[in-house]
Amino acid sequence: LPMANDIDLAAIANMTEGFSGADLQALLSDAQLAAVHDILDNINTSGSEKTPVITDALLKLTASKTRPSVSEEEKRRLYSIYHQFLDSKRSVAAQ
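Heads up, the sequence shown is in our numbering, so the first residue is 6 and it goes up one at a time.
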């Protein structure tokens, strides 16, 4: 779906700090669904057909309801495992 020209991407970036690429993809999918639902909800009242658009307000509302899928604690644990792996590879390569 198209995005409105007035979207404040810097504000969205601040709201989604720590999100993975998959989290951001899910956020956009949720915003798309919300835009479609807004149009469907208003078809009965207005009778006109509009193209759904992701607006700044809609994206911010969706972002405010979304949380990162990986916690900071889990990220630290995974980085620790990764660094242990790198250290073991360096140790083997040095032999």
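Don't be surprised by glycine CBs; every beta carbon is placed ideally from N, CA and C.
Computed from a predicted model, the values in this text were never measured in an experiment.
- Around the beta carbon of L14, fewer than 16 other beta carbons sit within 10 angstroms, so the residue counts as exposed.
- In the DSSP assignment, K80 falls within the alpha helix (DSSP H) that extends over E77 to A99.
- In terms of CA proximity to E79, F24 leads the group M8, F24, N10 and A18.
- Linking D61 to L38 through their CA atoms gives a straight-line distance of about 15 angstroms.
- Taking a contact as a CB-CB distance under 8 angstroms, the pair M20 and K94 does not count as one, their CB atoms being some 37 angstroms apart.
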